[in-house]
Structure formats: structure tokens, C-alpha cells
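One structure is given here, and the rest of the page talks about it.
2 protein chains.
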Amino acid sequence: MTATNVLTAMIEKLEMRCALSEDDRRAILALPHTLASYGPKAYIVREGDLAGGICAFALSGLAFRQKLTTDGARQIVALHLPGDFLDLQHLFLRVADHSVQAVGHLEVVQLEHGALQRLIRERPMVGQALWIDSLVEASIFREWVTNVGRRNARARIAHLLCEFAVRMRVSGLTDEAGRCDLPMTQEELGDAVGLTSVHVNRTLRGLEAEGLIQRDKRRISFDDWQAISQIADFNPRYLHLDQVSRGGG
Amino acid sequence: MTATNVLTAMIEKLEMRCALSEDDRRAILALPHTLASYGPKAYIVREGDLAGGICAFALSGLAFRQKLTTDGARQIVALHLPGDFLDLQHLFLRVADHSVQAVGHLEVVQLEHGALQRLIRERPMVGQALWIDSLVEASIFREWVTNVGRRNARARIAHLLCEFAVRMRVSGLTDEAGRCDLPMTQEELGDAVGLTSVHVNRTLRGLEAEGLIQRDKRRISFDDWQAISQIADFNPRYLHLDQVSRGGG
DNA sequence: ACGCAATCGAAACAAATGTTGGAGCAGCAC
DNA sequence: GTGCTGCTCCAACATTTGTTTCGATTGCGT
Numbered sequence: 001m002t003a004t005n006v007l008t009a010m011i012e013k014l015e016m017r018c019a020l021s022e023d024d025r026r027a028i029l030a031l032p033h034t035l036a037s038y039g040p041k042a043y044i045v046r047e048g049d050l051a052g053g054i055c056a057f058a059l060s061g062l063a064f065r066q067k068l069t070t071d072g073a074r075q076i077v078a079l080h081l082p083g084d085f086l087d088l089q090h091l092f093l094r095v096a097d098h099s100v101q102a103v104g105h106l107e108v109v110q111l112e113h114g115a116l117q118r119l120i121r122e123r124p125m126v127g128q129a130l131w132i133d134s135l136v137e138a139s140i141f142r143e144w145v146t147n148v149g150r151r152n153a154r155a156r157i158a159h160l161l162c163e164f165a166v167r168m169r170v171s172g173l174t175d176e177a178g179r180c181d182l183p184m185t186q187e188e189l190g191d192a193v194g195l196t197s198v199h200v201n202r203t204l205r206g207l208e209a210e211g212l213i214q215r216d217k218r219r220i221s222f223d224d225w226q227a228i229s230q231i232a233d234f235n236p237r238y239l240h241l242d243q244v245s246r247g248g249g
Numbered sequence: 001m002t003a004t005n006v007l008t009a010m011i012e013k014l015e016m017r018c019a020l021s022e023d024d025r026r027a028i029l030a031l032p033h034t035l036a037s038y039g040p041k042a043y044i045v046r047e048g049d050l051a052g053g054i055c056a057f058a059l060s061g062l063a064f065r066q067k068l069t070t071d072g073a074r075q076i077v078a079l080h081l082p083g084d085f086l087d088l089q090h091l092f093l094r095v096a097d098h099s100v101q102a103v104g105h106l107e108v109v110q111l112e113h114g115a116l117q118r119l120i121r122e123r124p125m126v127g128q129a130l131w132i133d134s135l136v137e138a139s140i141f142r143e144w145v146t147n148v149g150r151r152n153a154r155a156r157i158a159h160l161l162c163e164f165a166v167r168m169r170v171s172g173l174t175d176e177a178g179r180c181d182l183p184m185t186q187e188e189l190g191d192a193v194g195l196t197s198v199h200v201n202r203t204l205r206g207l208e209a210e211g212l213i214q215r216d217k218r219r220i221s222f223d224d225w226q227a228i229s230q231i232a233d234f235n236p237r238y239l240h241l242d243q244v245s246r247g248g249g
């Protein structure tokens, strides 16, 4: 992947958030940046870090955000796919309140906070697009609170699958058949939906027995969208996929 | 409360997020605004609303954000005190993904989205302060995911109390003794921490029996901060109270 | 191909939390 | 005051979810 289309991917993402001018795009393409890659379980940001360094944009691979409790339990609070900003959430904060970790192999573009902040000051529309992106992430956090707080195990897991599938589809990452696989261990799944891996295993086997999902090794997929999204109580509104049409504020 | 010190409260809040210039403050004071008040359970924003109208800043009273599931369960995803912006989260979004509701009697200043967006464009530092405020809210959402997903009933409720107490203290709303009361019904408490009101009741009685909290009618308070915050696994880092010292980005 | 480590599948049992239903009590409208 | 209405408190019981443990399987490095 060349330097140019690396930043083009970022422009595409931002244009999903609000309309940009030719000057905006030029300014983005002029950003100083470096490519980096992380191995499985590598940390991109670590809770407690003094932020203010680097903001990454994912090109390929998966990552998640997580928090730890004092007794060692982990809660995954967000998933990230290619095309997501990985720590816009810390852009203006002094110290990281959570960690960001690669799932498998992960490739990113790194941008310095300083450069990004300068861009935001000089190209307000780009700033707005970034702001909107962080607001959409916040909306997803709220849905996760609801998912973990008010749905049972079946619905929680189904909901996670639905969110993942929709986001993959929107990013053009599903296969020809429109299917996609979620390559997480059952323990990671549990940490994302507030369950133990044992109960995730039970629930997953149940869903498979009912013919609602298929599993192959560590990958989960499904093809009856209607059925699974109903079980999940899934309404994509919170993903704010309609932002494009808004144009600039 | 006069129009002037109404906006002064807003300036104070924003200066907790980043340093503002004299011009910034003047621009804020020049904002067109109206006062409004809501009765108990009145909606300030309703899920599904086309956003783009009004952004409120709370002057007195409590409010919370909530989402509903299809089968009617409610999840409260945030609490708001005097001095909080009530729907910065929707400032740039087309349709509201959740509701904001008054708890008791609530007084606010209303600002039009258009006016706010103009202010952001003309005074970038004010924009940054608002952005930071929304990032801090997002951080609180993440902590709530963790609270609901990975702590037991005792810890969850204690954590909510701790968060409330710290935020009240920071806003200068505690009484002389540094105590504060949380005037929510047990059902509302349950909806905030992902439990039923029955289990909230059990847990609350347990905490009181152990001498960790006191209750008077619908109000809960405590005075052994050490004890309660340990039970809650409470670490105030996620509230990002240290933003002030950062100055401008 | 071999062996180690991680993950999955599974069962028995334990604990936490939810459900239902109802009694008592406070606040509020009249 | 009287009668509602909503909240608190409580108990019995049901259900979901967690814990522990272990064998089977898979992935991976050599």
C-alpha cells in the first residue's frame, strides 16, 4: 500500500462523516505520517500513558479498546476495524483512561497529535469530521452500556455479531456472499459482552444448534440477518450511518 | 439567576476543559440564549428526534440519558448535574440515538445548534473545550460499560455513588460536610447499573447494614470515602479532572 | 512429524440476580 | 382528612450466569 492511498483511505472515512472541500483533502494528503504494524496482543495505547503522542488509523487487522478492574477482570469496550481511528478518544486528553490492543496482525498509519491538531485548526471541516467520528464512537459506547446492562446472553452476543457485520459491510470488507467472520476467542467475546467464556461457549453452542449461526474454528458467521438481528434487538440507528447526507454543519 | 451569570457558569465549565482567552469569553457571553425549565420526567431530547435544534446547559436539577430496548427495558447511560451540557453528544448528528430526561425539576439555558456551531468556527479554543467535554463524557460511557459488564451489584452501586459524589464535589455542590445525596428511586438506580429494583433494594439494605451508607427517604449518602471507593473499585482517572492544567492544545 | 500452549467443549455444582406478589408507608390532589 | 399513587421493603421461588475441573482439540514453533 503506497503512502498516497493510505491517506486516501482516511479521506474516505472522513467523507462519511461530513463533506470535505478539495482544499481539505489536499491538507490531509499533506499530513506527515508513518506506517507501522503490530503483532497479536500488542498495545497501541496503554491505560495510564500520558497521551499527547500519536494517533493511529487502522489499515488492516482488528483491534479493541479495553479497561481492567482492580481484581484483574477485563472489559472490552469497543472493536475497531480497518478504516477506524484508533485513539481519537485521547486526542485532547492528558492521560489514557483505557488501552487499545491489536487482536491479530494490525497495520496502521501513525499521525502525530500535534500535526492533527494543526490540521484541525487550519481546516475546520476536517476537524468537524473527526469530531463527528468521535461522537459516533460515543454513541456506540452508549449502545454497549445498554447491551451489557439490559440484554441476556443470547441477545448480547447476537448484538455484537450484528454490529460487527454491519460495520464490516459498510467498510466493504464482507466477502462476495455478504458474509463476514468474527475472529475472536470465546474469552474475548465474553470480555466484550460482560460474560464468562464458559457461558459464551454455552450460548454459542445454543445459537448454532438452532441454526442461527455457523462456526468454523474461531470464526463465527450467519446468513439469516432477519433472525439474528431480531434476537439481538439490533437497530443500526446508533451507528449513525446517515451522516454523509448531512453535508457540512 | 441573571442572563450574565448563566453564561458565566458555562464559561467556568469550559475553562475546566481548556484555557480560554478574553475574546473567547466575550464571544460566549454574546451567545443568543433562552432560559427554560422542565418538570420531573420531562424530555429534553427524545430518541429518534431529528437533532439539529437545541443544545441545553444545565443550571440546576438532575437529568439522565437513557436508551430503551424493544421489550421495554430501560438503560440509563449517564447522569447529568448542574454545569453539564445536556446534549453535546448530538451536536453534529442527524438523529438522536437516545433520550435525555429530567429527574426532578430542571433549569437550563438553551443554545441553538447553529449559534453554537458558529461559535465553534469562530473561536476554535471554545470548540476545543466543547470537544474535550464530549470526550470526557465518552470516557464516562466506557467506565459505565465496565461497571455494568464486570462488577457485581455491590460494586456497581457503590461505583455510581462514588462517581456522583466526586462530580458533585468538583462542581461545588456538596454540603458543608462534603456530603451529597443522590435523589433517585431504586428503580432508576437499577436502570443505571443494569439491575432490577428488587436487587438494588437488597444490595442497598446490605450496604446500610454494614454501615457503609446512610439512607433517608430517597436519598443516599456516605461518609467513609475510603471504604466505599474501595468496594466500588473506583479510580477517578476516567473523569479527567486534570484537564485544566493542560492549557490549549 | 512432534510436543507445548492455548482454546474449546462439556458437566456438576454454586452463587448471583431476576420474578412475582403483596404489605406498609409517604406524598399529593381534592 | 380521604383516597390515590408511587415507592420501599420483603419473602419465596425461578432462572441465569459463574466456578471449577478435566479431557479433547487446535494452533504453532521447531
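Taken in order, these protein sequences are the chains called W and E.
The letter at position 217 of the first sequence is residue 217 when you use the UniProt record's numbering, and the numbering goes up by one with no holes.
The letter at position 121 of the second sequence is residue 121 when you use the UniProt record's numbering, and the numbering goes up by one with no holes.
The beta carbon of each residue, even a glycine, is placed where N, CA and C say it ideally should be.
Residue(s) in a DSSP beta bridge with residue i
{"i": "W/V108", "result": "W/A36, W/A58"}
{"i": "E/I76", "result": "E/Q66"}
{"i": "W/I220", "result": "W/R215"}
{"i": "W/V45", "result": "W/V100"}
{"i": "W/L50", "result": "W/V95"}
{"i": "W/F85", "result": "W/F57"}
Buried or exposed by the 16-neighbour rule on C-beta atoms within 10 Å, applied to residue i
{"i": "E/E143", "result": "buried"}
{"i": "E/S229", "result": "buried"}
{"i": "W/H105", "result": "exposed"}
{"i": "W/K41", "result": "exposed"}
{"i": "E/D223", "result": "exposed"}
{"i": "W/M1", "result": "Model confidence at W/M1 stands at a pLDDT of 48, short of 50, so the residue's coordinates are unreliable and nothing is read from them."}
{"i": "residue 273 of chain E", "result": "In the structure as shown, chain E starts at 1 and stops at 249, and residue 273 of chain E therefore has no counterpart that could be examined."}
{"i": "E/G83", "result": "buried"}
{"i": "W/G127", "result": "buried"}
{"i": "E/A102", "result": "buried"}
{"i": "E/D175", "result": "exposed"}
{"i": "E/T146", "result": "buried"}
{"i": "W/W210", "result": "Sequence check: residue 210 of chain W is Glu here, not Trp. It counts as exposed."}
{"i": "W/A232", "result": "buried"}
{"i": "W/T185", "result": "exposed"}
{"i": "E/A138", "result": "buried"}
{"i": "E/P163", "result": "The displayed chain sequence assigns Glu, not Pro, to residue 163 of chain E. Result: buried."}
{"i": "E/A78", "result": "buried"}
{"i": "E/R46", "result": "exposed"}
{"i": "residue 251 of chain W", "result": "Residue coverage of chain W in this structure runs from 1 to 249, which leaves residue 251 of chain W outside it and unanswerable."}
{"i": "E/A155", "result": "buried"}
Cβ pair residue i, residue j closer than 9 Å
{"i": "E/I157", "j": "E/L239", "result": "no"}
{"i": "W/V136", "j": "W/I44", "result": "no"}
{"i": "E/L29", "j": "E/L7", "result": "yes"}
{"i": "E/L35", "j": "E/E107", "result": "yes"}
{"i": "E/R17", "j": "E/Q243", "result": "yes"}
{"i": "E/D24", "j": "E/M125", "result": "yes"}
{"i": "W/A9", "j": "W/E122", "result": "no"}
{"i": "W/H113", "j": "W/G53", "result": "yes"}
{"i": "E/A51", "j": "E/A96", "result": "yes"}
{"i": "E/A153", "j": "E/L116", "result": "no"}
{"i": "E/L88", "j": "E/S134", "result": "yes"}
{"i": "W/V109", "j": "W/H33", "result": "yes"}
{"i": "E/R150", "j": "W/T69", "result": "yes"}
{"i": "W/L189", "j": "W/L160", "result": "yes"}
{"i": "E/R219", "j": "E/D191", "result": "no"}
{"i": "E/C55", "j": "E/L81", "result": "no"}
{"i": "E/F92", "j": "W/I140", "result": "no"}
{"i": "W/V200", "j": "W/E187", "result": "yes"}
At which residue ranges does the segment 88–149 of chain E contain complete beta strand (DSSP E) runs of 3 or more residues, listed in the order of the chain?
99–102, 106–112
Residues, ordered as in the chain, of the segment 93–104 of chain E that lie near chain W by beta-carbon distance below 8 Å:
L93, R94, V95, D97, H98
Got a sec: which bits of the segment 128–153 of chain E sit with their beta carbon under 8 Å from any beta carbon on chain W, in order along the chain?
Q128, W131, I132, S134, L135, V136, E137, A138, S139, F141, R142, E143, W144, V145, T146, V148, G149, R150, R151
If you measure beta-carbon to beta-carbon, which residues of the segment 29–47 of chain E are closer than 9 Å to chain W?
E47
Runs of alpha helix (DSSP H) lying entirely within the segment 140–208 of chain W, each at least 4 residues, in chain order:
153–170, 186–193
Residues of the segment 53–73 of chain W whose Cβ lies closer than 8 Å to any Cβ of chain E, in chain order:
R65, K67, T69, T70, D71, A73
Listed in chain order, which residues of the segment 225–241 of chain W have Cβ atoms closer than 7 Å to some Cβ of chain E?
D233, R237, Y238, H240
Name, going along the chain, the residues of the segment 102–125 of chain E whose beta-carbon falls closer than 7 Å to a beta-carbon of chain W.
Q117, R121, P124
At a CB distance below 9 Å, what residues from the UniProt domain "HTH crp-type" (151–226) of chain W approach chain E? Give them in sequence order.
R151, A155, D191, A192, V193, G194, L195
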